[in-house]
Each structure stands twice: as structure tokens, then as C-alpha cells.
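Sequential numbering from 483 applies to the sequence shown in this note's numbering. Here a beta-carbon is modelled for each residue, glycine too, at the ideal position from N, C-alpha and C. Because the structure is a prediction, the values reported are computed rather than measured. One structure is given below, encoded as C-alpha cells.
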Amino acid sequence: MSINLETFRKSLTYSVTAAVSDIVKDLREMATLDRASEAKQTEFGSLATKCVIGAITSIVIAFILMIVVGEMEDGLQLFGNIVTILLLFVGLGCTIVAIYAGIRRSKYSRLNLPNHRYALTEKILEMLERDMDKEAKVSVHLDLSPAHQKSKQIKTVAHPSKSGFKIDIFQDDWLKMEGQFLDKTRFVLTTSELNQTAYGWKTSRSGKSKYKTKSKAKGLDISVDLTYPQRRYGAIKVLNNEAVNAVKIPKLTKVKRMRVTDKGINLVVKMPPSMPWNEETLYQTITMMFLSLYQVLNLARMLSKAK
Numbered sequence: 483m484s485i486n487l488e489t490f491r492k493s494l495t496y497s498v499t500a501a502v503s504d505i506v507k508d509l510r511e512m513a514t515l516d517r518a519s520e521a522k523q524t525e526f527g528s529l530a531t532k533c534v535i536g537a538i539t540s541i542v543i544a545f546i547l548m549i550v551v552g553e554m555e556d557g558l559q560l561f562g563n564i565v566t567i568l569l570l571f572v573g574l575g576c577t578i579v580a581i582y583a584g585i586r587r588s589k590y591s592r593l594n595l596p597n598h599r600y601a602l603t604e605k606i607l608e609m610l611e612r613d614m615d616k617e618a619k620v621s622v623h624l625d626l627s628p629a630h631q632k633s634k635q636i637k638t639v640a641h642p643s644k645s646g647f648k649i650d651i652f653q654d655d656w657l658k659m660e661g662q663f664l665d666k667t668r669f670v671l672t673t674s675e676l677n678q679t680a681y682g683w684k685t686s687r688s689g690k691s692k693y694k695t696k697s698k699a700k701g702l703d704i705s706v707d708l709t710y711p712q713r714r715y716g717a718i719k720v721l722n723n724e725a726v727n728a729v730k731i732p733k734l735t736k737v738k739r740m741r742v743t744d745k746g747i748n749l750v751v752k753m754p755p756s757m758p759w760n761e762e763t764l765y766q767t768i769t770m771m772f773l774s775l776y777q778v779l780n781l782a783r784m785l786s787k788a789k
């Protein structure tokens, strides 16, 4: 495996330049780690729940016995006191185990990775590999850390409608992929996710103040950059106006920006938060972006040959 597991567990980021087959092996190792973490998280979560129930039940019964023991005969009082003490110890033991299980669950929850990110990366690599040299290497940077972590915060603004509230804006550039196709065209694929968290103190009609926080997604930008040989696609400048019309992308997505020069073409598509940002939708959008751009390039090549 190309990645160091200890380093990966700390940063939850993966950066490598290697053959597609090697990267795919790493991604599948991540999937195995993720599944194991999910299983452990469920296991310790279940244990914590059972222990909390056990602790509450034991302590409640113990307190009931404390009340009842006083009404018992002398011979039964000793037995009742022993049972009460045992129940209190059981409750204490369950509490300790519940705390331990909660800590372990928290540890494994951090390693519960966003499945769609590494799964999507694998699918894209396998798709692009068909038009690449067998010995070609690809550079991949994949960020699997939480979208709302402090290092991804880009700015804080005042809430437009709620006095005293603020909004933290987060930018999560979680995928960057670079490589070269058989026709010597270089590609750069990036995804950039915007999220926000609004927070502040809200005062109710009764005068009580309560701290409120709400997070939501703002949008996901997908960018495909192609840099191609000028001799092969020199007529691309003629198609500048027609290039946007050639772009076919899923419904609800929209072209945010498209730039065509004699050296390269850049397409940025925006996915709104109303769309599911899952593996299937993202893969479909990215595939259609590459196909649309190559439709323009193939037409440019035909025009170049005709000259």
C-alpha cells in the first residue's frame, strides 16, 4: 500500500502520483478500513447503550430496595442490603464500561469515511484509464476529513436576517486528479464543496436565551481543465461560441463557467444542494462533462484536418 496507515488516520488525506492500478488498490484498502471502523462504531455504540440502560436499571432498583429494606424483617434486611450494594456496584461498573465504549465509539466515528468520495475516485480512474497509456501515472489528492473542520473555514460573515448571528463559510476542495490521455491532452479534475454553519443566541418570548447552530450545504463546483496539443486541435478557437451549446449535463446542474483558448478549455459545473451529492450523481455529471468537452475537441480536430 502506498499510504502510511498511521499518517492517514491522523490527516484523513491521501496524496499520491502512481499508476491507476496502484491507486485503486489503495482506495480499496481505504474502503476496508472504513467498513471496519463502521462495524466497530456500531459495536461500541450498542455496548454503550446497553450499559447505560443497565446502569440506570441497577441504580433505580437499588434505590427502591433501600426504601423497601427498612420495612423488612431483620433477617431479610441483611440480604436486602447486600443486594442493594451489589446493584450499586453493577450500576457503577456499567457506567464505567459505558464511558469507555463511548470514547471508543468516538474514536472510530472519526474514521467513518465519506464512502462516496473514495468510491467515486475509483470509478473515475477506471473510466479515464481506458484512454490512457498503460504505463501512465495519475496524481490524486483526496481529502476525507470533515467538511466543517476549522482548517477549511474561509470566512465569517454577519447573518443577513438574524441580528447577532454569524455564518462561517467552509470550502472543501476534496478531490484533485491530474493525468494525460493518449492524445497528449492533459486533464485536471477538481471538486470544491461549499458549506455554511449559522450560529448565535436566540431569545424566546419568555426571555430565555438559547444557543442555536445550523449547518447546511451551499453548492458543489466540479471543474474539468483540458490542455491539448495546438497542432491537433488548433481550430478550437473557431468553436468558442458553439462550445457552451455542446455541453450536456444532468438536469438541475448548470454551467458556471466555460473558457476556451487555443491551448486549453475549462468547464466548471455547479451542483445545487437540492441534488444528491452521491457517487452515482457525481459520476454521471463528471462523465458527461468529459464527453461534452471531447465532443468539442473532436469537432475542432475535424476542422483542423479540413484546412
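Taking the beta strand (DSSP E) that residue i belongs to, which residues open and close that run?
i           : result
residue 485 : Neither: residue 485 is in no beta strand (DSSP E) and is coded neither H nor E.
residue 623 : 619-625
residue 497 : 495-501
residue 634 : No beta strand (DSSP E) contains residue 634, which DSSP labels as neither H nor E.
residue 705 : 691-709
residue 674 : 668-685
residue 655 : 648-662
My guess is that residue i and residue j are in contact by the Cβ rule of under 8 Å, so how many angstroms apart are they, rounded?
i           : j           : result
residue 685 : residue 697 : With a Cβ gap of about 22 Å, residue 685 and residue 697 do not count as contacting.
residue 547 : residue 565 : 6 Å
residue 606 : residue 768 : 6 Å
residue 753 : residue 704 : 7 Å
residue 742 : residue 725 : 5 Å
residue 627 : residue 494 : 4 Å
Do the CB positions of residue i and residue j come within less than 8 Å of each other?
i           : j           : result
residue 660 : residue 509 : no
residue 682 : residue 692 : no
residue 747 : residue 775 : yes
residue 700 : residue 755 : yes
residue 665 : residue 714 : yes
Step through the CB atoms of chain D and report whether any lies within less than 8 Å of the CB of residue i.
i           : result
residue 715 : Of the protein chains in this structure there is only one, and it is not chain D.
Exercise for the section: Jot down the residue ranges of each uninterrupted beta strand (DSSP E) in the region 716-781, minimum 3 residues, whole runs only, in chain order. Expected result: The region 716-781 contains these whole beta strand (DSSP E) runs: 736-742, 746-753.
Exercise for the section: Could you tell me whether the region 703-717 touches the region 772-780, using the rule of 3 or more Cβ pairs below 8 Å? Expected result: Contact holds: three or more Cβ-Cβ distances are below 8 Å.
Problem - Minimum length 4: unbroken alpha helix (DSSP H) runs contained in the region 533-620 - result: Those alpha helix (DSSP H) runs which fall completely within the region 533-620 and span 4+ residues are 556-592, 597-611.
Exercise for the section: Would you be able to state if there are at least three C-beta pairs under 8 Å between the region 646-654 and the region 629-636? Expected result: A contact between stretches requires three or more CB pairs, one per stretch, nearer than 8 Å, and the region 629-636 meets this requirement with the region 646-654.
Exercise for the section: May I ask you to verify whether the region 657-674 touches the region 686-695, counting CB pairs closer than 8 Å and requiring at least 3? Expected result: No, the region 657-674 does not touch the region 686-695.
Handout entry: Segment contact, 8 Å Cβ cut-off, at least three pairs: the region 529-542 with the region 568-586
Key = In short, these stretches touch, since the Cβ pair count reaches three.
Exercise for the section: Give a yes or no on contact between the region 518-533 and the region 600-618, applying the rule of three or more CB pairs nearer than 8 Å. Expected result: The count of Cβ pairs closer than 8 Å, one atom from the region 518-533 and one from the region 600-618, stays below three, leaving the stretches out of contact.
Exercise for the section: Count the CB pairs spanning the region 509-518 and the region 582-596 that are closer than 8 Å, and state whether there are at least three. Expected result: Touching, per the Cβ criterion.
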